[in-house]
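Chains as they are written, first to last, in this note's numbering: chain L, 1 to 261; chain S, 262 to 571.
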């Protein structure tokens with residue numbers, strides 16, 4: 001790793017041709033993709049929401065399932081963006097040699113990595129909107145403020161796509177991604193207030209948990225779905241944006257080191 | 262000039278672990294010619310192409326692709342170049358036509374511009390009517406031809422092919438050769454790498470033999486053969502006095518040929534006039550012979566050695 005790997009990205013509008021390539025593939029498989037991204041979180045939300053909801057009548061002043069809705073939207077967005085950059089991204093980069101083919105055209109690697117970032121966020125956002133529609137259909141949100149969650153979901157997608165691209169740049173094979181899930185994604189899901197309020201965490205853990213990007217996403221999305229204006233909007237947006245920028249930069253440097261040698 | 266490479270050096274790694282894979286390559290391609298870069302595995306052929314396309318930075322030297330400096334304007338230069346990579350990189354999720362349309366998009370070519378050209382591109386690749394065929398349904402040769410069609414979406418001035426016929430059957434190879442000749446006839450410059458000597462001999466106007474990061478020789482196939490090797494070859498193999506061709510060669514080859522090399526169980530005798538050697542061999546009943554004109558493979562093996570490369 002040398003300094004020139006960290007040169008600022010040089011992007012061109014051609015990155016949208018790469019985005020379109022991924023979109024056109026997705027369109028062919030849109031139905032199973034949406035169902036796949038939708039079914040799992042919705043089942044968890046309804047199962048836990050109604051099941052545990054019987055035992056826990058109210059959390060932070062609302063029904064447990066209404067509490068769970070915001071967390072579900074965030075963690076499923078995270079999962080969609082993560083899966084896309086890890087498994088699909090790795091297939092395109094390493095297995096199918098799609099990136100290599102594209103680099104022979106007047107498209108730079110920087111464009112490709114940026115396109116993967118924006119594409120994964122787009123896909124995660126589409127999955128998120130489908131979940132939001134289910135949440136609204138079940139009546140767990142009634143506020144028009146919920147629409148403001150959509151750009152937050154997109155930003156959350158960008159953030160976890162950027163983090164995922166770091167893993168993709170480092171991965172020798174698909175097996176490597178298991179570490180990322182068990183050591184980072186799953187603990188973060190537990191600590192970020194998805195399933196229960198962060199106030200339940202011991203103080204020592206809370207200090208770390210508050211810093212997690214998923215926690216910032218939840219802090220924005222949950223109040224919006226409940227019809228409230230979130231607190232510290234600027235801070236949460238700034239953290240998500242900063243993680244996105246820094247993670248993308250590192251991912252780009254690692255990918256340059258891997259492929260431009 | 263489609264490609265101009267001067268003093269190209271490429272090192273991998275740094276400090277004590279640095280490995281020099283290109284040690285001062287000079288190449289000049291004239292418009293409309295077909296130039297073959299020959300070399301054993303690991304000679305530096307693919308690295309040379311990657312440097313030329315600006316996909317990796319040179320450690321020293323200068324590169325101009327389609328008149329533009331690389332890597333500074335590599336992106337602009339690549340807009341005028343077509344590439345057929347060594348490994349299949351077609352999009353398995355798309356049909357043949359979709360592969361071409363999406364790839365054209367990377368050049369900024371609109372769908373409305375490329376769609377009318379699809380039948381012509383597929384016909385050129387011998388894939389008429391395969392517009393909607395999925396990639397998985399294509400044979401290896403068909404995939405390579407589609408990759409060739411894909412490399413032509415931008416009507417390139419220079420077409421670069423990295424081992425275009427490796428792994429193909431003879432029919433598929435001949436079809437690719439015929440199409441490449443058509444392209445050069447129409448004015449496209451071609452740069453190809455290969456380790457098939459017959460491919461280079463048939464296609465290339467000029468060639469260079471590359472080994473260990475250096476160009477060992479350069480010229481037209483005939484020039485290279487004439488400059489490096491005796492015109493006739495007699496291959497000798499079989500039984501001789503209870504032993505093999507090597508034993509025969511140790512005793513007689515020196516007197517009857519200019520140069521003799523043993524490879525496996527065959528003696529390769531190089532000579533300007535094979536008749537005394539053939540007359541002698543006619544009286545050696547256990548030995549079998551093959552008399553032929555020297556070819557590029559003889560030059561290649563003489564210059565790069567006969568030991569295996571991995």
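Cβ atoms here follow ideal geometry from the backbone N, Cα and C, with glycine treated the same way.
| query | What is the DSSP secondary structure of residue 3 of chain L, counted as helix, strand or coil? | reply | helix
| task | Closer than 8 Å, Cβ to Cβ, to anything on chain L: give me those residues from the stretch 359-376 of chain S, in chain order. | result | 359, 363, 364, 366, 367, 368, 369
Residue(s) in a DSSP beta bridge with residue 521 of chain S: S/530
Counting Cβ pairs closer than 8 Å, one from the stretch 326-333 of chain S and one from the stretch 275-295 of chain S, do we hit at least three?
no
Pop quiz: residue 345 of chain S and residue 408 of chain S are said to be a contact at Cβ under 8 Å. What is the actual Cβ separation, rounded to whole angstroms? 5 Å
Query raised in the report: Just the Cα atoms here: how many angstroms apart are residue 150 of chain L and residue 128 of chain L?
Result: 8 Å
task = Say whether the stretch 456-465 of chain S touches the stretch 434-448 of chain S, bearing in mind that this needs 3 or more beta-carbon pairs closer than 8 Å, one atom from each stretch.
result = yes
**Message:** Please report the straight-line C-alpha distance between residue 6 of chain L and residue 92 of chain L, rounded to a whole angstrom.
**Reply:** 23 Å
Counting pairs of beta carbons, one from the stretch 474-486 of chain S and one from the stretch 514-530 of chain S, are three or more of them closer than 8 Å? no
Worksheet item: Where do the ends of the alpha helix (DSSP H) carrying residue 404 of chain S lie?
Response: 401-411
(message) Run through chain L and tell me which residues come within less than 7 Å of residue 316 of chain S, C-beta to C-beta.
(response) 103, 260
task = Whole angstroms is fine: what's the gap from residue 307 of chain S's alpha carbon to residue 347 of chain S's?
result = 9 Å
Q.
With three or more C-beta pairs closer than 8 Å as the rule, is the stretch 117-135 of chain L touching the stretch 209-218 of chain L?
A. no
Point to revise | Segment contact, 8 Å Cβ cut-off, at least three pairs: the stretch 40-57 of chain L with the stretch 101-120 of chain L | key: no
What residue from L/118, L/76, L/1, L/69 has the CA that sits closest to residue 227 of chain L's CA? L/69
Taking residue 343 of chain S as part of the beta strand (DSSP E), name the residues at either end of that continuous run.
342-345
- Cβ of residue 69 of chain L less than 8 Å from any chain S Cβ? no
(message) Alpha carbons only, please: which of S/293, S/499, S/545, S/542 is nearest the one belonging to residue 525 of chain S?
(response) S/499
Where residue 273 of chain S meets chain L, residues with beta-carbon distance less than 9 Å: 261
### Task
For residue 81 of chain L, name the three-state secondary structure that DSSP assigns.
helix
Quick one: what's residue 480 of chain S bridged to in DSSP?
S/468
Query raised in the report: If the cut is a Cβ gap below 9 Å, which residues of chain S does residue 223 of chain L touch?
Result: Result: empty, since nearest Cβ-Cβ is about 40 Å, beyond 9 Å.
*asked:* Against residue 320 of chain S, what residues of chain L qualify as contacts under a CB-to-CB distance less than 9 Å, listed in chain order?
replied: Chain L residues near residue 320 of chain S: none, gap ~12 Å exceeds 9 Å.
| said: Given a cut-off of 8 Å on the beta-carbon distance, is the pair residue 542 of chain S and residue 548 of chain S in contact? | reply: yes
**Request:** Taking C-beta pairs closer than 7 Å, name the residues in chain L that residue 340 of chain S reaches, listed in chain order.
**Result:** 106
Simplified DSSP state of residue 348 of chain S, which is helix, strand or coil: coil
**OP:** Please work out which residues of its chain come closer than 7 Å, Cβ to Cβ, to residue 340 of chain S, disregarding the five sequence neighbours upstream and downstream, and give them in chain order.
**Re:** 368, 415
- request: Would you tell me roughly how many angstroms separate the C-alpha atoms of residue 453 of chain S and residue 419 of chain S, rounded to the nearest one?
  value: 10 Å
Review point. Where does the unbroken beta strand (DSSP E) through residue 287 of chain S begin, and where does it stop?
Key: 280-290
Exercise. In or out: residue 96 of chain L buried (at least 16 other Cβ within 10 Å) or exposed?
Worked result: buried
Reduced DSSP secondary structure (H/G/I, E/B, other) of residue 10 of chain L = coil
Mind pulling the chain S residues with CB within less than 9 Å of residue 257 of chain L?
-> None at all; the shortest Cβ gap to chain S is about 11 Å.
Chain L residues whose Cβ lies nearer than 7 Å to that of residue 331 of chain S = Chain L residues near residue 331 of chain S: none, gap ~12 Å exceeds 7 Å.
- Item | Per-residue contacts from residue 113 of chain L into chain S (C-beta, under 9 Å) | Those do not exist, as residue 113 of chain L stays about 15 Å from chain S at its closest Cβ, beyond 9 Å.
Spell out a yes or no on whether the stretch 117-127 of chain L and the stretch 150-160 of chain L are touching, meaning 3 or more CB-CB pairs, one atom from each, closer than 8 Å. yes
Practice problem: Starting from residue 34 of chain L, follow the alpha helix (DSSP H) in both directions and report where the run begins and ends. | Solution: 30-55
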